[in-house]
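Right, one structure below, let's go through it.
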Amino acid sequence: MKDPAELIKRFKSRVHVLDGGLATELEKRGHDISGKLWSAQVLLENPDAIEQLHYDYLKAGADIIITSSYQLTFQGMKEAGYTHEQAEDAFNKSVEVAVKARERYLAELDQDLPEDRKPLIAASIGPYGAYLADGSEYTGDYPSLLQLTYQEFVDKFLDFHEDRFKLLHESEADLFALETIPSTDEAEALMCLLEKYPTAPAWISFACKDKEHVVDGGDIEVQSFECTVVENLVAFGVNCSAPSNVTGLVNTSFPRCSQPKHGQAGPTTPIIAYPNSGEGWDAAHRCWVGENDAEHFAEHAREWIKAGANIIGGCCRTGPEHIAQLRALVDSMT
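In terms of the working numbering, the sequence shown opens at residue 173 and continues consecutively.
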């Protein structure tokens with residue numbers, strides 16, 4: 173993986189464009205993601221489709237692509253009937269298809285890119301709620317863990333996340349994406365895990381319910397203070413949330429990302445923002461409702477950049493067309 177200090181320096185040097193949604197874009201392309209393994213099922217059955225999507229995001233202008241390992245867990249794979257070895261293969265495959273997409277993209281360029289301009293691969297680590305597949309990744313409500321003491325709660329998360337973290341740490345990924353984190357206690361466990369692997373760079377992004385709070389009710393400003401003291405945390409922010417809340421989160425809740433790291437002066441922890449398209453899910457009619465306009469999404473993103481975001485992208489219901497708009501926006505602002 174990349175050196176954390178070098179990644180922080182890179183992210184602070186210019187705005188980076190992240191990719192867009194994976195599972196929802198696969199669904200849009202006709203793939204079934206209805207099972208508990210979600211997009212990981214497509215990885216197991218049709219890895220070429222995921223490689224193509226990674227490639228499409230790179231062609232659209234993404235500087236960073238995220239692997240399809242968000243829903244992958246050893247526990248979930250076992251419950252779906254797979255062996256431990258098959259689960260390991262799936263984790264490795266999630267990185268391999270991203271690497272292949274990057275190699276294909278780079279091979280088609282007219283010139284060699286300098287090392288700090290080559291696209292990065294972020295290994296996705298989803299929350300405990302993604303494994304449960306019961307909607308708790310969007311609420312942070314884990315009722316099965318309520319009987320645990322606080323330390324037991326943190327230890328539970330450490331045990332849950334570490335096996336896949338260790339495996340992906342040894343892969344060709346450049347950094348970790350600890351994403352859609354709905355629970356402040358789970359975030360603390362993940363920071364403990366990062367401290368255990370000090371050479372592993374990672375960003376953490378929270379699912380937020382408004383301009384100030386994580387979906388479990390925790391204060392995002394407090395989280396920014398507690399998380400950014402970890403030396404190998406290379407970005408802090410929000411994903412899988414409403415785009416209309418991002419500017420407020422960056423403006424009022426993320427200024428704590430200014431604690432000195434690696435001998436740097438001034439604000440040193442980059443800010444990352446990759447919200448959903450802005451649509452809402454109509455459970456009664458089982459469909460998405462509301463606006464999904466790539467140009468309007470980019471106009472939101474202009475405000476995120478002005479507020480101080482260093483990495484911008486999209487989550488659910490965003491696709492290559494949104495990323496192309498973000499690329500054009502960033503290029504026009506530099």
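All residues carry an ideal CB built from backbone N, CA and C; glycine is no exception. Just so it is clear, the structure is predicted and the values come from calculations on it, not from any experiment.
Sequence-distant residues of the same chain with beta carbon closer than 7 Å to Cys487, five excluded per side: Gly193, Asn411, Cys412, Tyr446, Pro447, Asn448
Inter-residue Cα distance where the pair is Pro439 and Leu292: Residue placement at Pro439 is poorly supported in this model, since its pLDDT is 49, which falls under 50; the coordinates still yield a value, given next. So the alpha carbons of these two residues sit roughly 23 Å apart.
Chain-order list of residues whose beta-carbon lies under 6 Å from that of Ala437 (same chain, five-residue window excluded): Its pLDDT being 46, under 50, Ala437 is placed unreliably in this model, and the value from its coordinates should be taken loosely. Excluding sequence neighbours, Ala437 sits near nothing in its chain.
Cα-Cα separation between Pro219 and Tyr300, rounded to whole angstroms: 24 Å
Best match in Val461, Glu475, Asn482, Asp204 for proximity to Ala407 [C-alpha to C-alpha]: Asn482
DSSP beta-bridge partners of Tyr314: Answer by DSSP bridge pairing: none, since Tyr314 is not bridged.
Proximity of Leu230 and Ala273 at Cβ, strictly below 8 Å: yes
Straight-line Cα distance separating Ile392 from His385: 5 Å
Cβ contact check for the region 228-246 and the region 181-190: 3 or more pairs under 8 Å: yes
Best match in Cys399, Pro373, Glu342 for proximity to Glu358 [C-alpha to C-alpha]: Cys399
For Gln283 and Thr196, the rounded distance between their alpha carbons: 33 Å
Anticipated Cβ contact below 8 Å, Gly409 with Ile443, distance rounded: 5 Å
Span of the beta strand (DSSP E) around Cys459: 459-461
One or two residues paired with His385 in a DSSP bridge: Asp391
For Val269, three-class secondary structure by DSSP: helix
C-alpha distance - Phe348 paired with Glu475, whole-angstrom precision: 26 Å
Beta-ladder partner(s) of Phe378, from DSSP: Ile353, Val410
Under the three-state DSSP convention, the category Leu244 falls into: coil
Which residues DSSP lists as bridging Ile484, in chain order: Val189, Ala445
The alpha helix (DSSP H) enclosing Leu194, as first and last residue numbers: First-last for Leu194: undefined, no H or E at that position.
As assigned by DSSP and simplified to three states, the class of Trp453: strand
Distance, Glu403 Cα to Glu367 Cα: 8 Å
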